[in-house]
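>
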Amino acid sequence: MAASAGQADSAGSGSGAGFESESESESESESESGFESGGLSRRELDILAFERKWWKYAGAKEEAIRELFGLSATRYYQVLNAVVDRPEALEADPMLVKRLRRLRTSRQKSRAARKLGFQA
Numbered sequence: 117m118a119a120s121a122g123q124a125d126s127a128g129s130g131s132g133a134g135f136e137s138e139s140e141s142e143s144e145s146e147s148e149s150g151f152e153s154g155g156l157s158r159r160e161l162d163i164l165a166f167e168r169k170w171w172k173y174a175g176a177k178e179e180a181i182r183e184l185f186g187l188s189a190t191r192y193y194q195v196l197n198a199v200v201d202r203p204e205a206l207e208a209d210p211m212l213v214k215r216l217r218r219l220r221t222s223r224q225k226s227r228a229a230r231k232l233g234f235q236a
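Counting from 1 along the sequence shown, just add 116 to a position and that's the residue number in our numbering.
#1: Provide the residue span of the alpha helix (DSSP H) that contains Lys231, from first to last.
#2: Within a Cβ cutoff of 7 Å, which residues of the same chain sit near Val213, ignoring the five residues on either side of it in sequence?
#3: Quick check: Leu156 and Ala198, are their CB atoms within less than 8 Å of each other?
#4: Report yes if the C-beta distance between Glu167 and Leu196 is below 8 Å; otherwise report no.
#5: Could you give the uninterrupted runs of the beta strand (DSSP E) lying entirely in the segment 155–212, keeping only those of 3 residues or more?
#6: How about Glu178 and Ala189: are their beta carbons less than 8 Å apart?
#7: Using a threshold of 8 Å, state whether the C-beta atoms of Phe185 and Tyr192 are closer than that.
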């Protein structure tokens, strides 16, 4: 546990450590402006990368979210849902975005069914 906290400290809070691209120096000026050439910010790209690989990290997903992004789980999912709805995200990673959209729709249907008293 101490090692992962040290990694988060050395990477800086909220930077999405471990998800930077190999061309980090090329996109430094783009990162400062907050947007990559594809229309998604560095943080949004990091969130998509995390969703693609989060199961590789030991511990709870919520803990990894807090360490990597400095966000509560609730805020992270709000940001993720906004990212998933963007056409740029679909262009960046179509399979992942479609899977996340399907999962979200499935959860929404289950919630609605429970609310109405149906078995889901």
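Note that CB positions come from ideal geometry on N, CA and C, so glycine has one too.
Checking against the coordinates, here is how it stands:
#1: Segment Pro210 to Leu232, the alpha helix (DSSP H) holding Lys231.
#2: Apart from sequence neighbours up to five positions away, the residues of its chain that approach Val213 with a beta-carbon distance below 7 Å are Val200, Ala205 and Leu206, ordered along the chain.
#3: Taking 8 Å as the Cβ cut-off, Leu156 and Ala198 do not qualify as a contacting pair.
#4: Contact: yes.
#5: The segment 155–212 is shown to contain no whole beta strand (DSSP E) run of 3 or more residues.
#6: In this structure, Glu178 places its C-beta atom within 8 Å of the C-beta atom of Ala189.
#7: Judged by beta-carbon spacing, Tyr192 lies within the 8 Å limit of Phe185, meaning their Cβ atoms are closer than that value.
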